[in-house]
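**Student:** In my numbering, the protein residues as written are 110 to 550.
Sending over a structure as structure tokens; questions will come in a sec.
The structure is reproduced here in structure tokens:
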């Protein structure tokens, strides 16, 4: 039996989407930043730690997050092409420093450096801090690093390190460190499993690992038994490159069987939201939306629709799902609803009328409404708030607001530090749309 201490590293970028925005738009560094749409049904794709202080978080309705931040938040339209570019830089660096990389999403992954095999905790911590400093210096963003003897433990260790910390947990300390933690921190123990465990008095990881195997299987099935083994440190899963998923999905079981489409709809919306959250984590958009229902007789009913252009917009995903959801009035009473997103691609739909950021709403509201007649003859660019632009004199910038024939632009990028805001004529010939990637240079 090999008794050499194994070390698995889990790196997780801190508040990744928001941190990238703060890096490339220095004026908003240190401020509450919400990445996502600003409409009533918009959802937060990412929240900076400054926003989290107020209780804002990812997957929360945007209007709720803005309200929690007391009007201090800057709302930024997502720029996934920029996040993908930064992600590629992070994982190139991780591979250079630590051999084989297993990327879980755009902002987190595992590595198992051969150089650390058999090393002591102090040496491992020095290595991890050197890696963190390299990410800070070369990428310009904060990350958290967990190092432990298994993949599950390394993931939990990085959660304990947040934000911008390093946590090392050797085999001899795992029960001391993880035992008191909530059982819900284990991969595979979701809300339903937590509820079942709580009913028998199991609330911590230590409580869970002390359970009898037969009891766990009876309560949570064979999957629960597998999670129990991982929680006890029996996790021999290797770190290996992953093939990118061909689809992402989420399912929700109804509390009681639904007999009408109206009863199914709230569950459909939750499943669509959960699937879309996984889509955002993957950094891609979807072309096909599939809805599956399972009826009381355990038969599956599936219908799909393919969109004209790929999307990661929640409203579009929900609308597509609603258009194909099998109706209980026809299929029979429904006990489970699932939404699957496939046809994944890096491309995204070009939105003609994106949602404005919070700071620009007032300026937008002052703009005179365009008539059908002027729309046919006016070929000016629609300077949407937070869009990337370039000026022949002032360089790269981003739109803060527009209205009454003028556009306010903050000229800055990663390399400039906080920039100056200037008000320009909306038809200034020196101003043009810019590649968002220019903000990284």
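All residues carry an ideal CB built from backbone N, CA and C; glycine is no exception.
As the structure is a prediction and not an experimental result, all values here were calculated from the model.
Quick one: Cα of residue 354 to Cα of residue 390, how far?
**Tutor:** When rounded, the distance between both Cα atoms is 12 Å.
**Student:** For residue 419 and residue 335, what's the separation of their Cα atoms in angstroms?
**Tutor:** Rounded to whole angstroms, residue 419 to residue 335 spans 37 Å at the Cα level.
**Student:** Tell me whether residue 350 is buried or exposed, calling it buried when 16 or more other Cβ atoms sit within 10 Å of its Cβ.
**Tutor:** Its Cβ having fewer than 16 others within 10 Å, residue 350 is exposed.
**Student:** Counting Cβ pairs closer than 8 Å, one from the stretch 372 to 392 and one from the stretch 403 to 419, do we hit at least three?
**Tutor:** No: the two stretches stay apart, fewer than three of their Cβ pairs being nearer than 8 Å.
**Student:** Can you tell me where the beta strand (DSSP E) with residue 171 in it begins and where it stops?
**Tutor:** Premise fails: residue 171 lies in the alpha helix (DSSP H), 171 to 177, not in any beta strand (DSSP E).
**Student:** What is the DSSP secondary structure of residue 207, counted as helix, strand or coil?
**Tutor:** Helix.
**Student:** Considering only residues of the same chain and omitting the five flanking positions on each side of residue 386, which have a CB-CB separation below 6 Å?
**Tutor:** The answer, listed in chain order, is 168.
**Student:** Taking one C-beta from the stretch 181 to 190 and one from the stretch 300 to 316 each time, how about it: are there three or more such pairs within less than 8 Å?
**Tutor:** Not touching, per the Cβ criterion.
**Student:** Hey, is the stretch 359 to 369 in contact with the stretch 437 to 450, meaning 3+ C-beta pairs nearer than 8 Å?
**Tutor:** The stretch 359 to 369 is in contact with the stretch 437 to 450.
**Student:** Between residue 340 and residue 318, which are expected to be in contact by the criterion C-beta below 8 Å, what is the C-beta distance as a whole number of angstroms?
**Tutor:** Rounded, the Cβ-Cβ distance is 5 Å, consistent with contact.
**Student:** Using only CA atoms, which one of 224, 535, 534 and 508 lies nearest to residue 543?
**Tutor:** Residue 508 is the option with its Cα nearest to residue 543.
**Student:** Tell me the DSSP bridge mates of residue 533?
**Tutor:** Beta-bridge pairing links residue 533 to 516.
**Student:** Report, in whole angstroms, the separation of the C-beta atoms of residue 254 and residue 231, which I expect to be a contact under 8 Å.
**Tutor:** No, residue 254 and residue 231 are not in contact; Cβ-Cβ is about 15 Å, not under 8 Å.
**Student:** For the candidate residues 161, 154 and 145, whose alpha-carbon lies nearest to that of residue 139?
**Tutor:** The shortest Cα separation from residue 139 among 161, 154 and 145 belongs to 161.
**Student:** Looking at C-alpha atoms only, which residue of 202, 142, 229 and 137 is the closest neighbour of residue 114?
**Tutor:** Nearest C-alpha to residue 114: 229.
**Student:** Please list the terminal residues of the continuous alpha helix (DSSP H) segment that includes residue 427.
**Tutor:** That run of the alpha helix (DSSP H) goes 423 to 433.
**Student:** Do residue 263 and residue 200 have their CB atoms nearer than 8 Å?
**Tutor:** Not in contact: residue 263 and residue 200 (Cβ atoms no closer than 8 Å).
**Student:** Select from 442, 537, 540 and 520 the residue whose C-alpha is nearest the C-alpha of residue 137.
**Tutor:** When only C-alpha atoms are compared, the closest one is 520.
**Student:** Assuming residue 158 and residue 124 form a contact by the criterion Cβ under 8 Å, report the distance between their Cβ atoms to the nearest whole angstrom.
**Tutor:** Residue 158 to residue 124, Cβ: 6 Å. Contact.
**Student:** Rounded to a whole number of angstroms, what is the C-alpha to C-alpha distance between residue 455 and residue 285?
**Tutor:** So the alpha carbons of these two residues sit roughly 43 Å apart.
**Student:** Rounded to a whole number of angstroms, what is the C-alpha to C-alpha distance between residue 132 and residue 439?
**Tutor:** Straight-line Cα distance between these residues: approximately 52 Å.
**Student:** With distance defined between alpha-carbon atoms, name the residue in 337, 504, 281 and 384 nearest to residue 320.
**Tutor:** Of the listed residues, the one whose Cα sits closest to residue 320 is 337.
**Student:** Roughly how many angstroms separate the alpha carbons of residue 224 and residue 268, rounded to a whole number?
**Tutor:** About 24 Å.
**Student:** By Cβ distance below 8 Å, which residues in the same chain neighbour residue 210 in space, the five residues on each side in sequence not counted?
**Tutor:** Contacts found: 200, 203, 204, 218, 219, 220, 348 and 350.
**Student:** Looking at residue 397 and residue 432, is the spacing between their C-beta atoms short of 8 Å?
**Tutor:** For residue 432 and residue 397, no; Cβs fall outside 8 Å.
**Student:** According to DSSP, which residues form a beta bridge with residue 401?
**Tutor:** Answer is 411 and 447.
**Student:** Residue 214 bridges to which residues according to DSSP?
**Tutor:** Bridge partners of residue 214: 217.
**Student:** Let me know the beta strand (DSSP E) ranges lying completely inside the stretch 136 to 161, each 3 residues or longer, listed in chain order.
**Tutor:** Fully enclosed beta strand (DSSP E) runs of 3 or longer: 142 to 145 and 153 to 156.
**Student:** Could you compute how far the alpha carbon of residue 406 sits from the alpha carbon of residue 400?
**Tutor:** Those two C-alpha atoms are separated by around 18 Å.
**Student:** Report buried or exposed for residue 511, applying the criterion of at least 16 other Cβ atoms within 10 angstroms of its Cβ.
**Tutor:** The residue in question, residue 511, is buried, as its Cβ has 16 or more Cβ neighbours within 10 Å.
**Student:** Grouping DSSP H, G and I as helix and E and B as strand, with all else coil, what is residue 131?
**Tutor:** Residue 131 falls in the helix class under three-state DSSP.
**Student:** In three-state terms, what does DSSP make of residue 272?
**Tutor:** Coil.
**Student:** Could you tell me the boundaries of the alpha helix (DSSP H) in which residue 298 lies?
**Tutor:** Segment: none, residue 298 is in no alpha helix (DSSP H) and carries neither H nor E.
**Student:** In its own chain, which residues sit with a C-beta less than 6 Å from the C-beta of residue 193, not counting the 5 before and 5 after it?
**Tutor:** Within the same chain, residue 193 has close Cβ partners 392.
**Student:** Give every residue of the same chain whose Cβ lies closer than 6 Å to the Cβ of residue 514, excluding the five residues on either side of it in the sequence, and list them in chain order.
**Tutor:** Hits under 6 Å: 535.
**Student:** Since I believe residue 357 is in contact with residue 388 (beta carbons under 8 Å), could you give me their beta-carbon distance rounded to a whole number of angstroms?
**Tutor:** Yes, residue 388 and residue 357 are in contact; Cβ-Cβ is about 5 Å, under 8 Å.
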